[in-house]
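**Student:** Taking full-length UniProt numbering, I'd label the letters of the sequence shown as residues 1 to 285. Cβ coordinates follow ideal geometry from the N, Cα and C atoms, glycine included. Okay, here's the structure, questions in a sec.
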Amino acid sequence: MGIPLRTERLWLVPLDSAADAADVHVAFADPEVMMYWDEPPSRDVGETAGRLAGAVGDYWTVRDVDGGPVLGLIGIMGGVDIPGLQWILRRDVWGRGYAGEAAIAFVEYALGELGLERVEAWVDIANGRSIAVARRAGLTERGRLPQRYPHRDRPHETVVMGRARLAEPTVVLNVVVELPVRDVSGTSGLFENVFGCTVLFTEDDFAGLGIGAWSGGRRIHLVTDERPSPVRLSLETVTEFDAIHARAVAAGVQIGQYPVVQPWGRREFVIALPDGHEVTVSGPL
Ligand SMILES: CC(C)(COP(=O)(O)OP(=O)(O)OC[C@H]1O[C@@H](n2cnc3c(N)ncnc32)[C@H](O)[C@@H]1OP(=O)(O)O)[C@@H](O)C(=O)NCCC(=O)NCCS
C-alpha cells in the first residue's frame, strides 16, 4: 500500500474509496472533466464509490497542503503489462500546474520506491493538457494505437507516453515493410488511391510509400520482383476503416474477405492484391 507524498503545494494521500467518494464525485460527475476518460460521467456518489472500490490498481487523492476537499486523483492502473498512469482534477483547479506537480512527484515515487521498471500513460491525442502533464513528468511518446471506449460513438487515436526507470536507447525506431511486386507503379497507385498513402519517392523498380501525410511515419517500400512470394500485411486504422473499404470496392480491387467483427473486438476485411499479397485492414468497432 502507498504512503503519503508531499510536493511544494500538494499532499498525495492514498485513496480511501468510501470516505473520498463524495469529493472525487465532483470530478467524476463533470462532463467536461470526463470528456477523455475511459468511462462516462458518474451519475451519483454511489456510482463513483463503486468505481473507486472496483478500480484495479493504487490511487492517491490530490489535496492542497492547506487543507480543503480532495482536488482529484492520481494513480497506477494494475492488471496490465506496463502499469498505466491516470490523473484527474476537478475543473475549478485546472491550469494551476497542480497536475504536473503531482505527476512529477508520483512518477519519481513509482519508478523509485515502488520499484516499477516502466510506467505508461495512454492519452487521447486530442487531450493536450494531459499530454503536457505526461511530458512534464518526463514521459515521452512511445507509440500510437487506435482505441474506442464503449460509451463513445467514435474511436480515437491514443498516444502512448512512457518513461523507464533506467534510461534506455531506442533500439528500433521504425519498421519498414518491403513488398515485392511485379508492377511498382501500378501497385503504388493502388496504395495511394485505396489506402491514402503518400508517394515519398519513386524509381522504375522501387518506390517508397508513407502511411498518411506526415514525414517520419510508417513506410512501405515496393520493390520489383518478377515472381513475388505472397506476403500478408495488417493495417490498423482509427477512423478510416469504412473509407478504405469503400475506395477498395470503387477501385475494383479484389476483396478477399468482407468486413466481419472478430471475437477480439475489431472489425476486419481483407484485400487481395494482384500479386497474391493479402492486406488485412482492421479498425475499432
Ligand atoms: C489532465 C488534467 C489533470 C490537467 O490538469 P491541469 O490543472 O490543467 O494541469 P496543469 O495545470 O498541471 O497543466 C497542464 C499543462 O497543460 C497545458 N495546457 C493548458 N491548456 C492547454 C490546452 N488547451 N491544450 C494543451 N495544453 C494545455 C499547460 O500549459 C500545462 O503545460 P506545462 O506543464 O507544459 O506548463 C486535467 O485537465 C483533467 O483533470 N482532465 C480530465 C481528466 C483527464 O483527461 N485525465 C487524463 C486521462 S489520460
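(1) Alpha carbons only, please: which of GLU101, SER234, VAL159, ALA27 is nearest the one belonging to GLY84?
(2) Name the residue from ARG63, LEU111, PHE206, GLY128 whose alpha carbon lies nearest to the alpha carbon of ARG90.
(3) Between VAL65 and TRP122, which are expected to be in contact by the criterion C-beta below 8 angstroms, what is the C-beta distance as a whole number of angstroms?
(4) Using C-beta distances below 7 angstroms, list every residue in its chain close to GLN257, excluding the 5 sequence neighbours before and after it, in chain order.
(5) Taking buried to mean at least 16 other C-beta atoms within 10 Å of its own C-beta, is PRO150 buried or exposed?
(6) Along the chain, which unbroken stretches of the alpha helix (DSSP H) at least 4 residues long are found entirely within the stretch 16–96?
(7) What is the C-beta distance between GLU120 and GLY162, in whole angstroms, given that I count them as a contact (C-beta under 8 angstroms)?
(8) Touch check for the stretch 202–214 and the stretch 243–259: three-plus C-beta pairs under 8 angstroms?
(9) If you draw a straight line from the C-alpha of SER86 to the C-alpha of PHE241, how long is it?
(10) Quick check: the Cα distance between ASP44 and ALA27, rounded to an integer number of angstroms?
(11) Quick check: THR198 and GLY210, are their CB atoms within less than 9 angstroms of each other?
(12) Would you say the beta carbon of ARG129 is closer than 8 angstroms to some non-hydrogen atom of ligand 1?
(13) Taking its Cβ as the centre, do 16 or more other Cβ atoms sit within 10 Å of LEU166, making it buried, or is it exposed?
(14) With the cut-off set at 9 angstroms, would you say ALA22 and THR48 are in Cβ contact?
(15) Does the beta-carbon of ILE244, which I'm using as the reference point, lie nearer than 8 angstroms to any heavy atom of ligand 1?
(16) Which ranges would you report for the beta strand (DSSP E) in the UniProt domain "VOC" (172–284) if only whole runs of at least 3 residues count?
(17) Assign ALA102 to buried or exposed, taking buried as 16 or more other Cβ atoms, counted over all protein chains shown, within 10 Å of its Cβ.
(18) May I have the straight-line CA-CA distance separating HIS221 from GLY115, to the nearest angstrom?
(19) Determine the closest residue to GLN254 out of GLY283, LEU190, GLY196, GLU141, with distance taken between C-alpha atoms.
(20) Run the CB neighbour count on THR170, radius 10 Å, all protein chains shown included, and call it buried at 16 or more, exposed below.
(21) The beta strand (DSSP E) with residue 295 in it runs from where to where?
(22) Return the CA-CA distance between ALA248 and PRO274, expressed in angstroms with no decimal places.
(23) Specify, as a first and last residue, the run of the alpha helix (DSSP H) that ALA105 falls within.
(24) So, with DSSP's three-state summary, where would you put LEU12?
(25) Can you round the beta-carbon distance between THR239 and VAL281 to whole angstroms, since I take them to be within the 8 angstroms contact cut?
**Tutor:** Let me spell this out:
(1) For the purposes of this step, residue 84 is identified with residue 84 of the sequence shown, where counting begins at 1. Ranking the options by Cα distance to GLY84, first place goes to VAL159.
(2) The residue you call residue 90 lines up with position 90 of the sequence shown. Comparing Cα positions, the closest option is ARG63.
(3) The residue given as residue 65 occupies position 65 in the sequence shown. The residue given as residue 122 occupies position 122 in the sequence shown. Incorrect: roughly 30 angstroms between the Cβ atoms, too far for contact.
(4) Along the sequence shown, read from residue 1 onward, the residue named residue 257 stands at position 257. Excluding sequence neighbours, GLN257 sits near PHE269, VAL270.
(5) The residue labelled residue 150 in the question sits at position 150 within the sequence shown. Flag for PRO150 reads exposed.
(6) Counting whole runs of 4 or more residues, the stretch 16–96 contains the alpha helix (DSSP H) stretches 21–28, 45–54.
(7) One-based indexing of the sequence shown puts residue 120 at position 120. One-based indexing of the sequence shown puts residue 162 at position 162. Correct: roughly 5 angstroms between the Cβ atoms.
(8) no
(9) If you number the sequence shown from 1, residue 86 lands on position 86. If you number the sequence shown from 1, residue 241 lands on position 241. Contrary to the premise, residue 86 reads as Gln rather than Ser in this sequence. The straight-line gap from Cα to Cα measures roughly 29 angstroms.
(10) As a first step, residue 44 is located in the sequence shown; it is residue number 44 there, counting from the start. As a first step, residue 27 is located in the sequence shown; it is residue number 27 there, counting from the start. Each residue's Cα considered, the two are about 11 angstroms apart.
(11) Numbered from 1 along the sequence shown, position 198 holds the residue referred to as residue 198. Numbered from 1 along the sequence shown, position 210 holds the residue referred to as residue 210. Against a cut-off of 9 angstroms, the Cβ pair of GLY210 and THR198 comes out as a contact.
(12) Taking the sequence shown and counting its residues from 1, the one referred to as residue 129 is at position 129. Indeed, a heavy atom of ligand 1 lies less than 8 angstroms from the Cβ.
(13) Along the sequence shown, one-based indexing puts residue 166 at 166. Exposed, since its Cβ has fewer than 16 Cβ neighbours within 10 Å.
(14) Translated into positions along the sequence shown, residue 22 becomes position 22. Translated into positions along the sequence shown, residue 48 becomes position 48. Yes. Within cutoff.
(15) The residue you call residue 244 lines up with position 244 of the sequence shown. In this structure, ligand 1 has no non-hydrogen atom nearer than 8 angstroms to the beta-carbon of ILE244.
(16) 176–181, 198–203, 206–210, 219–224, 232–236, 254–261, 266–272, 278–284
(17) Position 102 of the sequence shown holds residue 102. Classification for ALA102: buried.
(18) Position 221 of the sequence shown, counted from the first residue, corresponds to residue 221. Position 115 of the sequence shown, counted from the first residue, corresponds to residue 115. In a straight line, the C-alpha of HIS221 is about 42 angstroms away from that of GLY115.
(19) Start at 1 with the first residue of the sequence shown, and residue 254 comes out as number 254. From the listed residues GLY283, LEU190, GLY196, GLU141, the smallest Cα separation to GLN254 is found for LEU190.
(20) Indexing the sequence shown from 1 puts residue 170 at position 170. Burial call: exposed.
(21) This structure leaves residue 295 out entirely; the chain is present only between 1 and 285.
(22) Here residue 248 refers to the residue found at position 248 when the sequence shown is read from its first residue. Here residue 274 refers to the residue found at position 274 when the sequence shown is read from its first residue. For ALA248 and PRO274, the distance between alpha carbons rounds to 13 angstroms.
(23) For the purposes of this step, residue 105 is taken as the residue at position 105 of the sequence shown. Looking at the DSSP string, the run of the alpha helix (DSSP H) that includes ALA105 is 98–111.
(24) Working through the sequence shown from its first residue, we reach residue 12 at position 12. LEU12 falls in the strand class under three-state DSSP.
(25) Here residue 239 corresponds to residue number 239 of the sequence shown, with the count starting at 1. Here residue 281 corresponds to residue number 281 of the sequence shown, with the count starting at 1. About 12 angstroms separates the two Cβ atoms, so there is no contact after all.
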